[in-house]
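Undergrad: Below is one structure. I have some questions about it.
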Amino acid sequence: MADAACKGRTEHFFAPHGEQADARELREAIARAICVTCPVLSSCREYARRHREQGYWGAENDDERLEARRRPSRHRHRSATDPVIAAQG
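Residue numbers are given in my numbering: position 3 of the sequence shown equals residue 3, and the series is strictly consecutive.
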């Protein structure tokens with residue numbers, strides 16, 4: 001992503017080995033500040049979710065991406081066995 005605001009600033013987006021919690025919070029706060037100004041924020045986030053990237057991508061850390069994958073999609077296909085669809089039958 002050539003237009004990414006993070007280009008050349010990878011030290012804020014990937015944790016060093018043995019990073020402590022307070023250092024992580026600071027690093028991710030810096031990364032988030034960069035991400036929210038980025039013109040490719042949405043496509044970066046989607047790419048990272050789709051490819052299960054590690055690090056800070058699209059204003060999300062690993063835990064936030066994992067949580068996003070666990071949430072049901074708003075565009076989830078509902079089958080005839082779904083209780084709501086079956087009741088409408």
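Heads up, the beta-carbon is just placed ideally off N, CA and C, and yes, glycines get one too.
Keep in mind the model is a prediction, meaning the values are calculated, not measured.
1. Less than 7 Å between C-beta atoms, sequence neighbours within five positions excluded: which residues of the same chain meet that for alanine 59?
2. So, for arginine 27: in the same chain, excluding its five sequence neighbours on each side, which residues have a beta-carbon less than 6 Å away from its beta-carbon?
3. For the candidate residues Met1, Ala5 and Thr10, whose alpha-carbon lies nearest to that of glycine 55?
4. Taking the alpha helix (DSSP H) that tyrosine 47 belongs to, which residues open and close that run?
5. Is the Cβ-Cβ distance between cysteine 38 and alanine 2 less than 7 Å?
6. Excluding the five sequence neighbours on either side, which residues of its own chain have a C-beta within less than 7 Å of the C-beta of arginine 49, listed in chain order?
TA: The short version:
1. Arg32, Cys35, Val36, Leu41 and Arg45
2. His12
3. Thr10
4. It spans 41–51 - the alpha helix (DSSP H) in which tyrosine 47 sits, taken as one unbroken run.
5. Not closer than 7 Å, so no.
6. Arg65, Ala68 and Arg69, listed in sequence order.
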